[in-house]
Amino acid sequence: MHTTGLAEIVRPRDLAEAVRLAAEGGEPLAGGTDLFVRLRKGVERPPFLVYIGDLPELRRISVGESKVEIGAAATHAEILASPAAARLPILRLALEAIASPAIRAMGTLGGNLANASPAGDGLIPLYLLGARVNLVGPDGERALAVEEFVLGPGKTALRPGEVIRSLDLPFPEGAPRAYFRKVGRRRALIIAIASLGALLWLRDGTIERARLALGSVAPTVVRPREVEQALVGRPLAPDALADLVEALSAATRPISDLRASAGYRRTVAGRLLLDLACTISPGG
Ligand SMILES: Cc1cc2nc3c(=O)[nH]c(=O)nc-3n(C[C@H](O)[C@H](O)[C@H](O)COP(=O)(O)OP(=O)(O)OC[C@H]3O[C@@H](n4cnc5c(N)ncnc54)[C@H](O)[C@@H]3O)c2cc1C
Numbered sequence: 044m045h046t047t048g049l050a051e052i053v054r055p056r057d058l059a060e061a062v063r064l065a066a067e068g069g070e071p072l073a074g075g076t077d078l079f080v081r082l083r084k085g086v087e088r089p090p091f092l093v094y095i096g097d098l099p100e101l102r103r104i105s106v107g108e109s110k111v112e113i114g115a116a117a118t119h120a121e122i123l124a125s126p127a128a129a130r131l132p133i134l135r136l137a138l139e140a141i142a143s144p145a146i147r148a149m150g151t152l153g154g155n156l157a158n159a160s161p162a163g164d165g166l167i168p169l170y171l172l173g174a175r176v177n178l179v180g181p182d183g184e185r186a187l188a189v190e191e192f193v194l195g196p197g198k199t200a201l202r203p204g205e206v207i208r209s210l211d212l213p214f215p216e217g218a219p220r221a222y223f224r225k226v227g228r229r230r231a232l233i234i235a236i237a238s239l240g241a242l243l244w245l246r247d248g249t250i251e252r253a254r255l256a257l258g259s260v261a262p263t264v265v266r267p268r269e270v271e272q273a274l275v276g277r278p279l280a281p282d283a284l285a286d287l288v289e290a291l292s293a294a295t296r297p298i299s300d301l302r303a304s305a306g307y308r309r310t311v312a313g314r315l316l317l318d319l320a321c322t323i324s325p326g327g
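Those letters in the sequence shown? Residues 44 to 327, by the numbering used here.
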């Protein structure tokens with residue numbers, strides 16, 4: 044056992060012991076980049092922490108035929124350096140946008156997901172790729188779609204004692220183009236005011252299929268499916284998408300907070316569609 048002055052930290056020998064300790068009320072600790080902030084603020088007082096960050100079962104990244112499986116305690120930096128990021132450009136773009144090298148070296152994808160922040164950059168590729176969340180708990184294993192797992196800001200479907208084991212990220216069919224942009228108030232270490240990620244399947248400059256995911260503009264990441272549908276058959280050019288800017292704004296349910304007003308978030312989110320059209324070159 045180890046203590047930080049904020050809470051005791053217990054180091055389980057393996058995943059089974061981690062689950063047992065979590066079931067006794069211990070809160071999983073991975074990179075600590077979110078959790079220690081909350082503990083320091085005093086908004087949370089777990090009886091003890093269960094350090095899962097060095098469990099080999101949670102750190103593996105494997106690239107299979109049809110999917111990548113990423114251990115929940117793999118750090119953003121490890122994922123970025125792995126073949127998984129090379130095979131999934133949307134994952135690379137989103138993880139590169141997280142904070143700074145120091146935070147990326149500590150923070151994990153499992154922690155980003157469990158945190159369930161609408162501004163979590165790592166969630167955007169999970170929604171776009173249709174990720175599955177593999178859980179292990181006192182009653183065994185189960186898997187949920189990411190959309191079933193995230194219930195609201197800071198709220199997930201995790202049951203007491205359950206730990207995220209890994210994430211399955213299926214390879215999309217064909218070779219979609221990937222886009223990710225977040226807008227914030229500063230250039231460095233920004234928390235998104237609004238973000239947009241996209242996978243676009245193009246043929247001769249025309250959109251054949253589209254998946255979009257918006258961050259920071261609703262209680263959870265949003266897939267604006269009506270806009271995805273409306274994009275089909277259109278040329279990828281700002282003029283051709285201009286009438287959908289409002290539809291994208293309308294798909295949001297933002298709040299006003301210290302960083303931005305709801306109206307500003309809504310406007311920015313819509314306009315990111317034009318940025319997407321300017322950023323992805325139809326031919327390249
Ligand atoms: C300065 C700063 C800048 C940041 N910038 C960004 C940013 O740009 N984009 C962004 O998305 N995030 C950002 N973050 C937030 C944070 O770094 C990420 O969310 C990170 O991925 C969290 O991972 P972690 O391993 O540190 O989580 P931890 O802090 O260890 O844990 C977070 C929560 O998840 C739970 N948890 C962790 N792993 C598991 C698991 N396997 N199973 C069940 N529960 C688990 C913990 O119990 C805890 O409640 C920033 C944080 C800081 C301090």
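Heads up, the beta-carbon is just placed ideally off N, CA and C, and yes, glycines get one too.
Below 7 Å between beta carbons: does that hold for residue i and residue j?
i, j, result
"residue 284", "residue 267", "no"
"residue 82", "residue 49", "yes"
"residue 250", "residue 270", "no"
"residue 295", "residue 312", "yes"
"residue 215", "residue 242", "yes"
"residue 259", "residue 292", "no"
"residue 325", "residue 248", "yes"
"residue 61", "residue 93", "yes"
"residue 17", "residue 74", "The structure shown does not extend to residue 17, since the chain spans only 44 to 327, so no value can be given for it."
"residue 117", "residue 104", "yes"
"residue 68", "residue 90", "yes"
"residue 209", "residue 114", "yes"
"residue 124", "residue 135", "no"
"residue 236", "residue 303", "yes"
"residue 316", "residue 287", "yes"
"residue 189", "residue 263", "no"
"residue 234", "residue 157", "no"
Taking 6 Å as the cut-off, is the beta-carbon of residue i closer than that to any non-hydrogen atom of ligand 1?
i, result
"residue 70", "yes"
"residue 107", "no"
"residue 97", "no"
"residue 78", "yes"
"residue 256", "no"
"residue 322", "no"
"residue 151", "yes"
"residue 286", "no"
"residue 164", "yes"
"residue 85", "no"
"residue 157", "yes"
"residue 154", "yes"
"residue 206", "yes"
"residue 298", "no"
"residue 104", "no"
"residue 142", "yes"
"residue 73", "yes"
"residue 294", "no"
"residue 236", "no"
"residue 50", "no"
"residue 167", "no"
"residue 146", "yes"
Specify, as a first and last residue, the run of the alpha helix (DSSP H) that residue i falls within.
i, result
"residue 331", "Outside the shown range of the chain, which is 44 to 327, sits residue 331, and nothing can be said about it."
"residue 152", "152-158"
"residue 132", "132-139"
"residue 313", "305-322"
"residue 221", "Here residue 221 belongs to no alpha helix (DSSP H); instead the beta strand (DSSP E) covers 220-226."
"residue 146", "144-149"
"residue 237", "Run containing residue 237: none in the alpha helix (DSSP H); it sits in the beta strand (DSSP E), 237-246."
"residue 191", "189-192"
Leaving aside the five residues before and after residue i along the sequence, list all residues of the same chain whose C-beta is less than 6 Å from its C-beta, in chain order.
i, result
"residue 147", "119, 120 and 141"
"residue 38", "The displayed coordinates of the chain run from 44 to 327. Any statement about residue 38 would go beyond what the structure contains."
"residue 76", "146, 149 and 150"
"residue 297", "260, 305, 308 and 309"
"residue 171", "133, 240, 242, 254 and 256"
With a threshold of 8 Å on Cβ separation, who are the neighbours of residue i within its own chain once the five nearest residues in sequence on each side are excluded?
i, result
"residue 187", "175, 176, 178 and 200"
Excluding the five sequence neighbours on either side, which residues of its own chain have a C-beta within less than 7 Å of the C-beta of residue i, listed in chain order?
i, result
"residue 337", "An answer regarding residue 337 cannot be provided, because it is not within the stretch 44 to 327 covered by the chain."
"residue 137", "164, 165, 167, 168, 223 and 240"
"residue 211", "110, 112, 174, 175 and 177"
"residue 321", "281"
"residue 64", "53, 55 and 93"
"residue 217", "244"
"residue 319", "222, 239 and 241"
"residue 299", "305"
Starting from residue i, trace the beta strand (DSSP E) both ways and give me its first and last residue.
i, result
"residue 57", "Per DSSP, residue 57 belongs to no beta strand (DSSP E) and is neither H nor E."
"residue 207", "206-213"
"residue 180", "175-180"
Please go through the region 59-125 and give each complete beta strand (DSSP E) segment of 3 or more residues, from N-terminal end onward.
70-72, 92-94, 104-106 and 110-114
Segments assigned alpha helix (DSSP H), at least 4 residues, entirely inside the region 254-311:
268-274, 281-284 and 288-293
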